[in-house]
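Down below is the structure, laid out as structure tokens.
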Amino acid sequence: MMVETNMRRQVPIQRWFRMALLLSLIFSGACSDTSESVSFRRGLKTTPAAVQLNKDEDQVVIENGIVSLNLSNPEGYIIGLYYDGTQNILNKKNEEFDRGYLDVVWNENGKPGIFERINGANFSVIEASDTVVEVSFLKTWTASMKGSSVPINIDLRYILRRGDSGFYSYAIFTRPPGLPAVTVYQIRIVYKLDEDRFHYMAISDTRQRKMPTVEDRSTGKVLAYPEAVLLTHATDPQIRGEVDDKYQYSTENKDNSVHGWIAEDDSAPVGFWVITPTNEFRNGGPVKQELTSHVGPISLSMFTSTHYAGKKVIIEFDEGETYKKVFGPTFVYLNSAPSKTQFKSLWSDAVDQLSNEERKWPYDFIGSKDFIPPSQRGMVSGKLQVKDGSGTAQPAKSSYVGLALPGDAGSWQIESKGYQFWTQTDKDGSFSITNIVPGKYTLYAWVPGFIGNYKYQINVVITPGNISSSLKCYDTQINYNLYVKFSVGDNVNLGSLVYKPPRNGPTLWDIGIPDRSAAEFYVPDVYPELVNKLYQKDSKNGFRQYGLWERYTDLYPTKDLIFTVGVSDYHKDWFYAQVTRSTKTSKFMPTTWQIQFQLENIIKGNYTLQLALASATNSKLEVSFNKPNSNPPYFTTEELIGDDNAIARHGIHGLYELYSVGVDSNQLVKGKNTIYLTQSNAKTPFEGIMYDYIRLESPTTIK
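Under mature numbering (1 follows the signal peptide of the UniProt record, and there is no 0), read the sequence shown as residues -32 to -1, 1 to 671, first letter to last.
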């Protein structure tokens, strides 16, 4: 139902209304709960109240007896969020535009980047009934906004349903014809919570802790960059002396499904959770790392960014280029526990709620026609095998298989414009990709344990109409525009697919595990004075500690790393990143690592050095064989490579890159050989390379 009132900023009246409603339900003996979204609401279960919409010229309030959402009119900022009669969950000390909002970072024609909070100019009601209210705040770009507002029409939506202990939000980005060119770097929704109540943060079963405050950071010592602060004067002595950095709480997209905060000191602790039931609208694929929650207290719903990838993943629109994409919906879930001693149970409840949201995806209650409902989505299945060299094909178990916009093999990791749909194969290589939005895609894959990227050479087109399935094939040497077309609702089985990873000959030796990460290599202990206690006893996440790059100079003060094949152990003897070496004069030096190995004989022909990189930041890689000072080097990347900044941001990987270096046999000798790997750009502590895997292959011999 829709109720028109003159209620300009009358938050206390609304709070009394909610309390009266709850009391009336208690005294009436109501105890049933038909909601799909059951929370720990202090043990109280009630008959869900009708959803109500109240609005005036400068505020919109939606409430359902559990949650009240206060929105500025017509901007669409979240200025108030009330749960179960409690005070505002958002930070009331902040300006109204700085509590909950959608923002975009962008620029035009190479000009400086602009951070823009998106504010609507037109409010409208999409649906208003007893069971659901959906409202819209629309920003329509006009020529008068050139240079001040991103040239995209943005429709920000909020949904509150009957019985739900939270609300949904999503944004529709549209570029009609005629808009100017623009580059987009980041799209996200930001929630800034009450700093006096929310102190405990949780982003996984093991990554939970009481967090420092904004004041703790402001009185601390800034380290190598503004995000990293040593908490020298933290109020809590248990936190004092630790390092805080928001990048220490990043996680991969595939794991970035629920995170948030708990007001653990409340008599009945309250939880605030950002739940993302799918990654289809995020950029960079399943293993792109992204921010979650951090000191503020702040929680983020990240849609696209350049974090851990750099400028390769920006979204560039040409002049006049049209576009449409729905980001979200995501769900903000609120819950509470009966007592302080049970506050950690709110995390488990939030994880259960994530499972509920995943089962409901794609949602069937979204009011925009641009959001594709379940009945209009497709499905692709098949079985992936891997055949490495002359060996027999084997199931590509636990492989990542996905659909993204057409491109080169591996291009999905820098793709940000379109949707992506990913899954993992089971033990026999079978996969099923569900809920695919109509469009044209390429099927990609990568297989842990093997180098390189797989690309299915026939594009997949999902059509929204009743078009019968067909397969069109052309000579792959002449026309690469191959596609299989099928209508929504079809389950297209692509059959058995075989990935043949790069290989030119038998393996002579290898270093590492081909899994697109440097986690298997030596990650040093953190400096005791720069510790984050969350990771002190967590070896899996030890790489998230601050300042690990500086430990290289401690371990190799004058001479660089030497790895001897057959003797050295890469778990202990291969540093996780080839970084620069710092000097006593606060300057930095290039580093040259050596791989020493024996050859019993030389086979004439071409050897192959497979260099798989897990990350690179402003690096120039030079490779030489048996001649440490060869000029020019035998192989070089020539230009600087990488922009993912994973070393500084505590990431154990960034963008994956594979270099297959052909090595003429005359570069090698019988007996001892040395490969020299030089990272020659050395201006800061953060230039460097993380290796994923290195392998030397001999020429193929014909028997």
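Ideal Cβ placement from N, Cα and C applies to all residues, glycine included.
Fill in: Top-ranked residue by Cα proximity to Thr604, from Leu645, Leu462 and Gly296
Closest option to Thr604, Cα to Cα, is Leu645.
Fill in: Those residues which DSSP pairs with Asp212 across a bridge
DSSP, once it has assigned bridges, lists Val197 as partnering Asp212.
Worksheet item: Does the distance from the C-beta atom of residue 675 to that of Leu664 stay below 8 Å?
Response: For the chain, the structure presents residues -32 to 671; residue 675 sits outside this window and is missing.
Worksheet item: In three-state terms, what does DSSP make of Lys640?
Response: Lys640 falls in the strand class under three-state DSSP.
Worksheet item: Nearest to Trp315 by alpha carbon, out of Gly350, Asp394, Val242 and Leu352?
Response: Its Cα nearest to that of Trp315, the residue Val242 stands out among Gly350, Asp394, Val242 and Leu352.
Practice prompt. Would you mind working out which of Ser367, Ile334, Pro80 and Tyr159 sits nearest Asp483, comparing C-alpha positions?
Written response: Selected option, being the one with the closest Cα: Ser367.
Discussion item. So for Ser316, helix, strand or coil by DSSP?
Written reply: Assignment of Ser316 by DSSP, reduced to helix, strand and coil, places it in the helix class.
Fill in: Gly510, DSSP secondary structure in three states
The DSSP-derived three-state label of Gly510 is helix.
Worksheet item: Given that a residue counts as buried once 16 or more other Cβ atoms are within 10 Å of its Cβ, and exposed if not, what is Gly359?
Response: It counts as exposed.
Worksheet item: Under the rule that 16 or more other beta-carbon atoms within 10 Å means buried, what is Pro119, buried or exposed?
Response: Buried, because 16 or more other Cβ atoms sit within 10 Å of the Cβ of Pro119.
Worksheet item: Where does Glu497 sit, in a helix, a strand or coil, going by DSSP?
Response: Helix, per DSSP.
Worksheet item: Looking at C-alpha atoms only, which residue of Tyr520, Arg471, Glu248 and Tyr624 is the closest neighbour of Lys293?
Response: Closest option to Lys293, Cα to Cα, is Glu248.
Worksheet item: Quick one: complete alpha helix (DSSP H) runs, 4+ long, within the segment 209 to 254?
Response: Those alpha helix (DSSP H) runs which fall completely within the segment 209 to 254 and span 4+ residues do not exist here.
Worksheet item: Would you report the Cα separation of Gly420 and Gln257, rounded to the nearest angstrom?
Response: Taken atom to atom, the span from the alpha-carbon of Gly420 to that of Gln257 is near 20 Å.
Item to complete: Note the first and the last residue of the continuous alpha helix (DSSP H) segment covering Leu523.
Response: Residues Arg519 to Leu523.
Worksheet item: How about Tyr544 and Tyr490: do their beta carbons lie closer than 8 Å?
Response: Cβ atoms of Tyr544 and Tyr490: closer than 8 Å.
Item to complete: Verify whether the separation of the beta carbon atoms of Gly188 and Val35 is less than 8 Å.
Response: Cβ distance not < 8 Å, so Gly188 and Val35 don't count as in contact.
Discussion item. In this structure, how does DSSP classify Phe(-6) when only helix, strand and coil are distinguished?
Written reply: Note that Phe(-6) has pLDDT 38, beneath the 50 cutoff, so the model's placement of it is unreliable and no number is given.
Worksheet item: Who pairs with Glu590 in a beta bridge, going by DSSP?
Response: For Glu590, which the question treats as bridged, DSSP gives the partners Thr604 and Thr646.
Worksheet item: Between the C-alpha atoms of Tyr424 and Val100, what's the straight-line distance to the nearest angstrom?
Response: C-alpha separation (whole angstroms): 43 Å.
Item to complete: Would you decide whether Gln154 is buried or exposed? Buried here means 16 or more other CB atoms lie within 10 Å of its CB.
Response: Label assigned to Gln154: buried.
Item to complete: List in chain order: all unbroken beta strand (DSSP E) runs of 3+ residues lying wholly within the segment 377 to 443.
Response: Runs found: 389 to 392, 398 to 404, 407 to 414, 427 to 431 and 438 to 440.
Fill in: Own chain, CB closer than 6 Å to Leu373, minus 5 neighbours either side, in chain order
Excluding sequence neighbours, Leu373 sits near Glu383 and Gly386.
Worksheet entry | Identity of the residue in Ala231, Tyr193, Gly88 and Gln564 nearest Ser307 by Cα | The residue with the shortest Cα to Cα distance from Ser307 is Ala231.
Worksheet item: Is Ser261 buried or exposed, if buried means 16 or more other CB atoms sit within 10 Å of its CB?
Response: With 16 or more other Cβ atoms within 10 Å, it is buried.
Fill in: Rounded distance between the beta-carbons of Gly239 and Ser304, thought under 8 Å
Going by Cβ atoms, the distance from Ser304 to Gly239 rounds to 7 Å, so yes, they are a contact pair.
Worksheet entry | residue 672 in three-state terms, based on DSSP | A question about residue 672 goes unanswered here, because the residues of the chain that appear run from -32 up to 671.
Worksheet entry | Coil, strand or helix - Asn447 by DSSP | Note that Asn447 has pLDDT 36, beneath the 50 cutoff, so the model's placement of it is unreliable and the number below is only indicative. Three-state DSSP puts Asn447 in coil, outside helix and strand.
Worksheet item: Do you know offhand how far Asn569's Cα is from Gly630's?
Response: Rounded to whole angstroms, the separation of the alpha carbons of Gly630 and Asn569 is 18 Å.
Worksheet entry | Same chain only: Cβ atoms within 6 Å of Ser273, ignoring 5 sequence neighbours per side | Around Ser273, the same chain offers Gln154 as residues with beta carbons nearer than 6 Å, after the five sequence neighbours per side are excluded.
Practice prompt. Can you tell me which of Ile82, Ser666 and Thr585 puts its alpha carbon nearest to the alpha carbon of Val652?
Written response: A small correction: the amino acid at residue 652 is Thr; Val does not occupy that position in the sequence shown. Checking every option, the nearest Cα to that of Thr652 belongs to Thr585.
Item to complete: Grab me the residues of Ile282's own chain with a C-beta within less than 8 Å of its C-beta, minus the 5 sequence neighbours each way, in chain order.
Response: Taking Ile282 as the centre and dropping the five residues before and after it, the same chain places the C-beta of Thr151, Val152, Tyr153, Thr274 and Ser384 closer than 8 Å to its C-beta, in chain order.
Discussion item. Quick check on the DSSP output: what are the complete beta strand (DSSP E) runs of length 3 or more inside the segment 43 to 98, in order along the chain?
Written reply: Counting only runs that start and end inside the segment 43 to 98, the beta strand (DSSP E) elements of at least 3 residues fall at 46 to 51, 68 to 75, 82 to 85 and 90 to 96.
Worksheet item: If you follow the beta strand (DSSP E) that Ser104 is part of, which residue opens it and which one closes it?
Response: Val100 to Lys107 is the extent of the beta strand (DSSP E) around Ser104.
Fill in: Enclosing beta strand (DSSP E) for Arg143 [first to last residue]
Residues Gly134 to Arg143.
Practice prompt. Taking Asp537 as part of the alpha helix (DSSP H), name the residues at either end of that continuous run.
Written response: Going by DSSP, Asp537 is part of no alpha helix (DSSP H) at all; its letter is neither H nor E.
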